[in-house]
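Beneath this line is the structure, given in structure tokens, with notes to follow.
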């Protein structure tokens, strides 16, 4: 079996574990979000979202690229049978993250009044920011454990943390809000839940740590490891900080130029719904980074090409149609749950989903490829370019068009970086996206979404739930039909997927049933299509 096939199996298995964790945690969180949003109302829900912005901004200075380094060097050590190094990597990263997390939590607490009054222009949320500042440290524990589990490809542990966090967060926030604590209860519940989950993650890390062989001489070499990790991760960290500042800059402009907290609450609700797409996007991005970290572009050039092109195609087959369906069904989906309470959210959701259409351009794969090959400085350059465009464009569009301006800015600023990255990987690694496949996937998804939306606009007399069900029933067969007729995927893809799904054990039978149905549909449609062509000749 080829190296690429082996890696695909590992990635599918890990991706499946990521997916079930995401699905379970998101279902729990979504149910909680609906209840919390109804209990708080748009205005208080908007304040809840705003209060979390300040510690999120400060937390950008916490990582310094250490978590990226933990994943990369753990994956490399695991592949090269140097598992003794993993102990040092784990401990070095954890100590660094805890130390910086404590320092930044204190800074967040001390600056809470300045941030609330001067930056956010909402003096009443000072106590909320003080409570939320502890989440800087607790998220440090969470992210370190996540990076460690990703590097050693123990993705089920990440899912355990995700589900634990969702259960704790949902239960605590709802309980405290029902006790009459309002936004204070929501922020406290969020922070305590993150703390408890972070501790669970660290405990799981230590169960693995104890089983690892000790390094030669018994010394962990914390200082030396941190230096190596910083050398790799610092450019990434600067990029993350810059990108984070850009995102917060957009948010601050939004808070300044959009005084209507209810409108911001609508935007926050749309962001909550767009995570449905991450069910499919997150497993891809999570598993590709350690996969690309294992490959050397000179020694494994052919494998690297296969892994890259396959990752773009199969990620697009999953993510692009889901994004297109959410765009088409945004209005009935949100109306089913909230009626007219969040009236502007459907438009925001449809626009936010456009970002995931960039998957067909390689957006989910390129960053993992570049970072996995150690070219972190180039990724920093891409972020600088995005920021150089985003800061002035964001000011112009957000100050004039509010939430719509923010979303359009985000969509527009991504395109130059993707274009430059594609040119870079072509020149350096001789890699490119299979453009024919990407075009077919986009065309099939657009066809299904357009037809679905056009039909639903004629069914306004139906209930939102009925329209939602009809929409799904129209989109799914339309997409499959279009994809088969355009040969977006073929029997080779079916065969490849069957081979990958063998890594899932007994669950492969379920996926094989789905693949068998698609294969039969493929045979039927193409036979009919060929017969029609003969009759017309």
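Numbering (my numbering), first residue to last: 1184 to 1720. Glycine included, C-beta positions come from ideal geometry on N, C-alpha and C. Source: prediction; values computed, not measured.
Are the beta-carbon atoms of residue i and residue j separated by less than 8 Å?
i            : j            : result
residue 1601 : residue 1541 : yes
residue 1253 : residue 1331 : yes
residue 1536 : residue 1457 : yes
residue 1241 : residue 1283 : no
residue 1345 : residue 1459 : no
residue 1277 : residue 1327 : yes
residue 1661 : residue 1630 : yes
residue 1321 : residue 1236 : no
residue 1246 : residue 1423 : yes
residue 1658 : residue 1666 : no
residue 1570 : residue 1429 : yes
residue 1158 : residue 1551 : Limits of the chain in this structure are 1184 at one end and 1720 at the other, which puts residue 1158 out of reach.
residue 1565 : residue 1421 : no
residue 1543 : residue 1634 : no
residue 1384 : residue 1249 : no
residue 1329 : residue 1419 : no
Please report the residue range of the alpha helix (DSSP H) in which residue i lies.
i            : result
residue 1339 : 1338-1359
residue 1247 : Where residue 1247 is concerned, there is no enclosing alpha helix (DSSP H), given that its DSSP letter is neither H nor E.
residue 1514 : 1484-1521
residue 1444 : 1444-1457
residue 1280 : 1267-1293
residue 1431 : 1405-1440
residue 1573 : 1559-1612
residue 1385 : 1365-1394
residue 1311 : 1309-1315
residue 1643 : First-last for residue 1643: undefined, no H or E at that position.
residue 1636 : 1618-1639
residue 1332 : 1318-1334
residue 1542 : Counting along the chain, residue 1542 falls outside any alpha helix (DSSP H), and DSSP gives it neither H nor E.
residue 1241 : 1236-1241
residue 1533 : 1528-1535
Give me, in chain order, the residues of the same chain whose beta-carbon lies closer than 7 Å to that of residue i; leave out the 5 immediate sequence neighbours on both sides.
i            : result
residue 1588 : 1580, 1581
residue 1533 : 1510, 1513
residue 1572 : 1596, 1599
residue 1309 : 1295, 1296, 1299
residue 1548 : 1471, 1491, 1494, 1495, 1498
residue 1231 : 1223, 1366, 1369, 1370
residue 1379 : 1351
residue 1302 : 1435
residue 1507 : 1628, 1629, 1631, 1632
Of the choices the options, whose alpha-carbon is the least far from that of residue i?
i            : options                : result
residue 1451 : 1698, 1211, 1219       : 1219
residue 1462 : 1498, 1261, 1331       : 1498
residue 1668 : 1623, 1491, 1290       : 1623
residue 1387 : 1372, 1370, 1375, 1342 : 1342
residue 1391 : 1274, 1456, 1501       : 1274
residue 1397 : 1245, 1211, 1272       : 1272
residue 1748 : 1647, 1306, 1280       : Nothing about residue 1748 can be reported from this structure: the residues present for the chain run from 1184 to 1720 only.
residue 1653 : 1546, 1436, 1260, 1516 : 1516
residue 1680 : 1501, 1229, 1631       : 1501
residue 1260 : 1211, 1478, 1246       : 1478
residue 1357 : 1561, 1538, 1228, 1406 : 1228
Can you find the residues in the same chain that come closer than 6 Å, C-beta to C-beta, to residue i, ignoring five residues on each side of it along the sequence?
i            : result
residue 1620 : 1496
residue 1427 : 1243
residue 1445 : 1225, 1226
residue 1704 : none
residue 1701 : none
residue 1724 : Outside the displayed span of the chain (1184 to 1720) sits residue 1724, for which this structure offers no information.
residue 1238 : 1291, 1315, 1316, 1318, 1319
residue 1216 : 1455
Less than 8 Å between C-beta atoms, sequence neighbours within five positions excluded: which residues of the same chain meet that for residue i?
i            : result
residue 1184 : Because the pLDDT of residue 1184 is 43, which lies under 50, any placement of that residue in the model is unreliable, and the number read from its coordinates should be weighed accordingly. Result list for residue 1184: empty, nothing under 8 Å.
residue 1706 : none
residue 1268 : 1256, 1260, 1398
residue 1359 : 1367, 1368, 1369, 1371, 1372
residue 1203 : 1342
Does any C-beta atom of chain D lie closer than 8 Å to the C-beta of residue i?
i            : result
residue 1441 : The structure shown has no chain D; it contains just one protein chain.
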